[in-house]
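Colleague: Got a structure for you, questions after.
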Amino acid sequence: MSLLEIKDLEIIYTNGKNVVQAVNGINFTLDKKETLGLVGETGAGKTTTALSILRLLPERTGKIINGSVNFDGIPLLDLNEREMQSIRGARIAMIFQDPMTSLNPVLTVGEQIEEALMLHNIDNESKEEITKRVDEILTLVGINPERKKNYPHEFSGGMKQRVVIAMSLACSPELLIADEPTTALDVTIQAQVLDMMEELKQKLDMSMIMITHDLGVVAKTCDKVAVLYAGEIIEYGTFEDFFINKAHHPYTEGLFGSIPSIEDDAERLTPIEGLMPDPTELPEGCKFHPRCPKCMEKCKTEKPKDFIKGTHSIKCHLFAEEEN
Amino acid sequence: MAEILIETKGLKKYFDIGKNKLHAVDDVNLKIEKGKTLGIVGESGCGKSTLGRTVLGLLKATDGQVLYQGRDITKYNSKQLKNLRKEIQIIFQDPYSSINPRHSIGRIIGEPILVNGIIKDKSIRRQRVLELMETVGLSQKLYNSYPHELDGGRRQRVGVARALSVNPKFIVCDEPVSALDVSIQAQILNLLMDLQDDLGLTYMFITHDLSVVKHISDEIAVMYLGQCVERSSSKELFKNPMHPYTKALLTAIPIPSAKAREIKTEMIKGELTSPINPKPGCRFASRCPQVKNECTKANVPLREIKPGHFVACTLYNNE
Chain A
1 MSLLEIKDLE IIYTNGKNVV QAVNGINFTL DKKETLGLVG ETGAGKTTTA
51 LSILRLLPER TGKIINGSVN FDGIPLLDLN EREMQSIRGA RIAMIFQDPM
101 TSLNPVLTVG EQIEEALMLH NIDNESKEEI TKRVDEILTL VGINPERKKN
151 YPHEFSGGMK QRVVIAMSLA CSPELLIADE PTTALDVTIQ AQVLDMMEEL
201 KQKLDMSMIM ITHDLGVVAK TCDKVAVLYA GEIIEYGTFE DFFINKAHHP
251 YTEGLFGSIP SIEDDAERLT PIEGLMPDPT ELPEGCKFHP RCPKCMEKCK
301 TEKPKDFIKG THSIKCHLFA EEEN
Chain B
1 MAEILIETKG LKKYFDIGKN KLHAVDDVNL KIEKGKTLGI VGESGCGKST
51 LGRTVLGLLK ATDGQVLYQG RDITKYNSKQ LKNLRKEIQI IFQDPYSSIN
101 PRHSIGRIIG EPILVNGIIK DKSIRRQRVL ELMETVGLSQ KLYNSYPHEL
151 DGGRRQRVGV ARALSVNPKF IVCDEPVSAL DVSIQAQILN LLMDLQDDLG
201 LTYMFITHDL SVVKHISDEI AVMYLGQCVE RSSSKELFKN PMHPYTKALL
251 TAIPIPSAKA REIKTEMIKG ELTSPINPKP GCRFASRCPQ VKNECTKANV
301 PLREIKPGHF VACTLYNNE
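Heads up: the sequence lines are chains A and B, in that order.
For the first sequence, position 177 (counting from the first letter as 1) is numbered 177 according to this note's numbering, and the numbering increases by one without interruption.
For the second sequence, position 269 (counting from the first letter as 1) is numbered 269 according to this note's numbering, and the numbering increases by one without interruption.
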């Protein structure tokens, strides 16, 4: 059985009269020890999906209108807040994008890691045991335990992100959701942090959801990839399907074409023209059709289905013809 | 040899921190030929933005010269500087905070023209702004819109149009695409390159992203803690990086292809050391995998190892 199973998830944000369709029917599964990459640009619905797994959507505006999230057989969306609290942080943990704002500036980093351990103290560990555990975790992420008495402002960006990772790992979660964990970091520090996360994942037998806009990070860390566009998964497959296979959704192709390559000497980039659609007025038919270079008549009116070939699924009419 | 448009000689910018000095830019020598792009690469805190601002005269240099068409602009008075602004401009990193939220797009783009008294007639000025908007790919109906109505990519186009409004010869681009999504980033990079071809602009392109800098630059300078550690043509730098820091930077970039897993990253340990009162010697020494005794004894100057390829590293002392 898979560890996490998301079915037909639909999420909206309401703001006065406007309804933002943030997530429109997402399906994916994640097995134990697997890493799934959620890729997409700003506003694609990556973070919203992640927050819904932890039931952390903003209460007044965010609403899950359809679908289910099953974690280890538990339907997360049906739990009450108390039951959810026992899972959140303990069995599913999250690393937020910006290490500068996700730490409390008036508590020492030691206290912040301790907090998670105290809250989820199932085995009734003593204060000493918890302190020992904090030291262990700090060592694990490469920080000298003596620094636990320091405040966040005394750490650099890369070190802060290590503290955030230490916090999320404190209770040995089975699933770690990392929301752009390295976007705010410099490349050499990014390489260090990614390397460390991979090592910890192996050591602790975790599954991971890696949210990123960087296909390079995906290539380095993920077993499976889901590309999101306007709240839909438009392409889903294994690492091989993405980086070895040549058939891709036109949007994925556009993403690859937008990245200046270190290896080739392309004179011009081939960007995707236009902008992400306004999520309050999503286009008819395929949501990508106004920007798609291969747009056909059919795309403007008819929603494409997922066309599946082995492990690889693509939401695009182009591949329908191939199938028939 | 082509005409040198801008040149720095021994440029230094120190900031006072109490009794200490923060060496943000320390003895940087650069040359940019007319119509070319010099890429400045480095991680946060290496002094690349400070360098850009010092070159423009937005920050007063502590020591050294900035020669613009042969004249030292660090000695300019405020009137001369104001005139100079018609020829040298800047595009800022953050398209959200670098344009005034209370001014319309038309006013933002037109302001430099008005301030510098280039076009005094209101309707001709409006015409010029509309022309500029077309040049950078902004729809003319946005003339009366306000910044909050625009997304990041369009705002950055406003920033580009504003820089172009005075017909500059030289533009410092300070991380102009790093706040944008990849697909929008590619649009802006293409725009900047087209403008360079059409208007003969010279760029100093500051970024932390090596793949972007490779794409747009003719020449690249790699900075580390206020100093230029390697400088060469873009092709040569990527084919044959010599400084250990440059090598580490190059291998640290995650490549979006299946090969990514086979490449072993040459991990450099630790983080930037402090730029406050730095010790003599190579500033990268504490993180360098190939560090030797002599690295920390005396400052390591930038030397020409191969024609056009400058490196500041003791590894190449015998060549």
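For every residue, glycine included, the Cβ atom is placed at its ideal position computed from N, Cα and C.
Can you tell me which of B:Gly57, B:Leu132, B:Ile276 and B:Phe170 puts its alpha carbon nearest to the alpha carbon of Gly18 (chain B)?
Modeller: Measuring from the Cα of Gly18 (chain B), the nearest candidate turns out to be B:Ile276.
Colleague: Select from the segment 139-153 of chain A all residues with a C-beta closer than 8 Å to any C-beta belonging to chain B, and list them in chain order.
Modeller: Residues: none.
Colleague: Would you say Val20 (chain A) lies against chain B (beta-carbon separation less than 9 Å)?
Modeller: For Val20 (chain A), the answer is no, since every Cβ of chain B falls outside 9 Å of its Cβ.
Colleague: Could you give the DSSP three-state label for Cys173 (chain B): helix, strand or coil?
Modeller: Reduced to three states, the DSSP call for Cys173 (chain B) is strand.
Colleague: Provide the residue span of the alpha helix (DSSP H) that contains Met133 (chain B), from first to last.
Modeller: Where Met133 (chain B) is concerned, the enclosing alpha helix (DSSP H) stretches over Lys122 to Thr135.
Colleague: Which residues bound the alpha helix (DSSP H) around Ser165 (chain B)?
Modeller: Element bounds for Ser165 (chain B): n/a, residue is neither H nor E.
Colleague: Helix, strand or coil, according to DSSP, for Thr50 (chain B) in the structure here?
Modeller: Correct three-state label for Thr50 (chain B): helix.
Colleague: Answer with buried or exposed for Gly76 (chain A), where buried requires no fewer than 16 other C-beta atoms within 10 angstroms of its C-beta.
Modeller: The question names Gly, yet the displayed sequence has Leu at residue 76 (chain A). Per the 10 Å Cβ criterion, buried.
Colleague: Note down, in chain order, all residues in the segment 202-233 of chain B with a beta-carbon under 9 Å from any beta-carbon belonging to chain A.
Modeller: Taking 9 Å as the Cβ-Cβ cut-off against chain A, the residues of the segment 202-233 of chain B that qualify are His208, Asp209, Leu210, Ser211, Val212, Val213, Lys214, His215 and Ile216.
Colleague: Strictly by DSSP, which residues pair up with Leu204 (chain A)?
Modeller: Answer is none; Leu204 (chain A) lacks a bridge partner.
Colleague: Tell whether a beta-carbon distance below 9 Å holds between Met167 (chain A) and Ala116 (chain A).
Modeller: Result yes, Cβ atoms of Met167 (chain A) and Ala116 (chain A) sit closer than 9 Å.
Colleague: List the residues of chain B that Phe288 (chain A) touches, going by C-beta distances under 8 Å, in chain order.
Modeller: Correct list: empty, because the minimum Cβ distance to chain B is about 11 Å.
Colleague: Unbroken beta strand (DSSP E) runs of length 3 or more, entirely within the segment 73-125 of chain B: which are they?
Modeller: The segment 73-125 of chain B contains these whole beta strand (DSSP E) runs: 88-91.
Colleague: Hey, Leu132 (chain B) and Ile171 (chain B): beta-carbon distance below 9 Å or not?
Modeller: Their beta carbons are not under 9 Å apart, which means Leu132 (chain B) does not touch Ile171 (chain B) by this criterion.
Colleague: Using the beta-carbon of each residue, which ones in chain A are nearer than 8 Å to Arg261 (chain B)?
Modeller: Ala219 and Lys220, listed in chain order.
Colleague: Exposed or buried, which one is Asp123 (chain A) when buried takes at least 16 other CB atoms within 10 Å?
Modeller: By the 10 Å Cβ count, Asp123 (chain A) comes out exposed.
Colleague: Suppose the cutoff is 7 Å on Cβ atoms and the five residues either side in sequence are ignored; what does the same chain contact list for Leu56 (chain B) look like?
Modeller: Closer than 7 Å at the Cβ level, and outside the excluded window around Leu56 (chain B), lie Ile88, Ile90 and Val172.
Colleague: Between the segment 51-70 of chain B and the segment 118-125 of chain B, are three or more C-beta pairs nearer than 8 Å?
Modeller: Short answer: they don't touch.
Colleague: Apart from the five residues on each side of it in sequence, which residues of its chain come closer than 6 Å, Cβ to Cβ, to Cys299 (chain A)?
Modeller: Contacts found: Gly285, Cys286, His289 and His317.
Colleague: Contact check, Pro241 (chain B) vs Lys247 (chain B) under 8 Å by CB: the rounded distance?
Modeller: Between Lys247 (chain B) and Pro241 (chain B) the Cβ distance is about 5 Å, and since that is below 8 Å, they are a contact.
Colleague: I'd like to know whether the C-beta atoms of Ile113 (chain B) and Asn100 (chain B) end up nearer to each other than 9 Å.
Modeller: Not a contact, by the Cβ cut-off of 9 Å.
Colleague: Would you kindly report the start and end of the unbroken alpha helix (DSSP H) that includes Cys299 (chain A)?
Modeller: Start and end: Glu297 to Thr301.
Colleague: Quick check: is the beta carbon of Pro75 (chain A) nearer than 9 Å to any beta carbon in chain B?
Modeller: Not an interface residue.
Colleague: Using only the alpha-carbon positions, how far apart do Leu138 (chain B) and Asp194 (chain B) sit?
Modeller: So the alpha carbons of these two residues sit roughly 15 Å apart.
Colleague: Under 9 Å between the Cβ atoms of Val13 (chain A) and Lys63 (chain A)?
Modeller: A small correction: the amino acid at residue 13 (chain A) is Tyr; Val does not occupy that position in the sequence shown. Yes, Cβ-Cβ distance for Tyr13 (chain A) and Lys63 (chain A) is below 9 Å.
Colleague: For Leu275 (chain A) and chain B, any beta-carbon pair shorter than 9 Å?
Modeller: Answer yes: the Cβ-Cβ gap between Leu275 (chain A) and chain B drops below 9 Å somewhere.
Colleague: So, at 8 Å on beta carbons, what are the nonlocal neighbours of Glu219 (chain B) in its own chain, with the 5 sequence-adjacent residues on each side left out?
Modeller: Within the same chain, Glu219 (chain B) has close Cβ partners Ile32, Lys36, Thr37, Leu38, Gly39, Arg231, Ser232, Ser233 and Ser234.
Colleague: Less than 9 Å between the beta carbons of Thr35 (chain A) and Ser207 (chain A), yes or no?
Modeller: Yes; because the gap between Cβ atoms is below 9 Å, this pair is in contact.
Colleague: Tell me the rounded alpha-carbon separation between Gly10 (chain B) and Lys292 (chain B).
Modeller: Cα-Cα distance, rounded: 27 Å.
Colleague: Please look up how many angstroms separate the CB atoms of Val164 (chain A) and Ile211 (chain A), rounded, as I've assumed it's under 8 Å.
Modeller: With a Cβ gap of about 14 Å, Val164 (chain A) and Ile211 (chain A) do not count as contacting.
Colleague: What span of residues does the beta strand (DSSP E) with Val225 (chain A) cover, start to end?
Modeller: From DSSP, the beta strand (DSSP E) with Val225 (chain A) extends over Lys224 to Tyr229.
Colleague: Can you list the residues of chain B that Gln161 (chain A) reaches, using a CB-CB cut of under 9 Å?
Modeller: Ordered by position in chain B, no residue passes the 9 Å Cβ test against Gln161 (chain A), which lies about 11 Å from the chain.
Colleague: Report yes if the C-beta distance between Leu228 (chain A) and Val141 (chain A) is below 9 Å; otherwise report no.
Modeller: No, the pair does not count as a contact, with Cβ atoms beyond the cut-off.
Colleague: Quick one: complete beta strand (DSSP E) runs, 3+ long, within the segment 231-297 of chain A?
Modeller: List check, beta strand (DSSP E) in window: 232-238.
Colleague: Say whether chain A places a C-beta atom closer than 9 Å to the C-beta of Ile17 (chain B).
Modeller: No, Ile17 (chain B) does not count as interfacial toward chain A.
Colleague: Against chain A, with Cβ distances strictly below 9 Å, would Ile253 (chain B) count as a contact?
Modeller: Chain A, which has a Cβ nearer than 9 Å to the Cβ of Ile253 (chain B), makes this yes.
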